[in-house]
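Below is one structure; the comments refer to it alone.
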Amino acid sequence: MIDKIIDGLKYSLKNERSILRRYLILGSFDGLLLAVSIVTSALITHLNTKTTDLTVISGLLSISISSILNSAIAEIKEREIEFEYLEKQMMKSLKGTIYDYGMKITVILSAISHGLSPFLGIAILLAYDYTKNLIIILLSSSLILFLLGILYEGDIKEKIKTSIFIVLSGLIVAFIVYLIS
Numbered sequence: 001m002i003d004k005i006i007d008g009l010k011y012s013l014k015n016e017r018s019i020l021r022r023y024l025i026l027g028s029f030d031g032l033l034l035a036v037s038i039v040t041s042a043l044i045t046h047l048n049t050k051t052t053d054l055t056v057i058s059g060l061l062s063i064s065i066s067s068i069l070n071s072a073i074a075e076i077k078e079r080e081i082e083f084e085y086l087e088k089q090m091m092k093s094l095k096g097t098i099y100d101y102g103m104k105i106t107v108i109l110s111a112i113s114h115g116l117s118p119f120l121g122i123a124i125l126l127a128y129d130y131t132k133n134l135i136i137i138l139l140s141s142s143l144i145l146f147l148l149g150i151l152y153e154g155d156i157k158e159k160i161k162t163s164i165f166i167v168l169s170g171l172i173v174a175f176i177v178y179l180i181s
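Laid out in structure tokens, this is it:
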């Protein structure tokens with residue numbers, strides 16, 4: 001049993017790496033933008049640090065729980081469809097095989113990576129707590145967002161384009177929050 005779980009883990013990490021990376025990037029992006037928007041608003045409106053910290057952490061927790069459930073629901077359905085298709089193609093049951101364990105582990109790893117990744121937004125909260133400087137917060141969030149873009153698949157030119165797009169998205173969110181605050 002343990003051997004099958006280990007083989008399933010190896011299968012998942014080898015064959016489903018792009019899915020896991022995508023969930024990691026998406027969750028991180030959500031957490032960073034949430035933190036940037038709350039911190040930007042807090043700085044503009046002079047909200048106290050304790051309230052800001054609690055708001056960011058509560059928001060990150062909510063995104064985390066939502067991300068875990070959303071990715072689990074989506075991946076369970078996708079894996080069931082894929083598994084049934086493989087069984088039909090092979091004309092036999094694949095229950096208990098490396099594919100079965102690999103798909104189940106992929107669901108679990110997807111939920112974990114998507115659920116934990118929003119907490120990268122804590123980096124923005126720390127920048128806020130230590131500096132209370134909007135420029136430093138925007139620069140640090142832009143750097144992190146740029147690095148997230150580099151993690152996407154593709155050649156370096158595509159990665160840089162994606163990084164720039166992601167950074168611009170973060171800055172647009174901060175600007176919109178600035179306007180409404």
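In this text, residue positions in the sequence shown follow the UniProt record's numbering: the first is 1, and each later residue adds one.
Don't be surprised by glycine CBs; every beta carbon is placed ideally from N, CA and C.
- Here S28 has S117, L120, L148 as same chain residues with Cβ atoms under 6 Å from its own Cβ, once five neighbours each way along the sequence are excluded.
- Here S169 is actually not in contact with I150; their C-beta atoms are around 15 Å apart, not less than 8 Å.
- For M1, the closest of G96, D129, A72 by C-alpha to C-alpha distance is G96.
- In this structure, DSSP gives N48 a state outside helix and strand, which the three-state scheme calls coil.
- In the same chain as I98, and ignoring 5 residues on each side of it, the C-beta atoms closer than 8 Å to its own belong to K4, D7, G8, Y11, in chain order.
- In the three-state DSSP reduction, N133 falls in the coil class, being neither helix nor strand.
- Within the model, the alpha-carbon separation for M103 versus L33 is close to 31 Å.
- Secondary structure at G154: coil, using DSSP grouped into helix, strand and coil.
- A Cβ-Cβ distance of about 5 Å is found for the pair V177 and T40, placing them in contact under the 8 Å criterion.
- Straight-line spacing of the CA atoms in I180 and L138 works out to 17 Å.
- Annotation: A74 to S18 spans about 16 Å, alpha carbon to alpha carbon.
- Counting of Cβ neighbours within 10 angstroms places G31 among the buried residues, the total reaching 16 or more.
- The region 42-49 makes no contact with the region 152-163; the number of CB pairs closer than 8 Å stays below 3.
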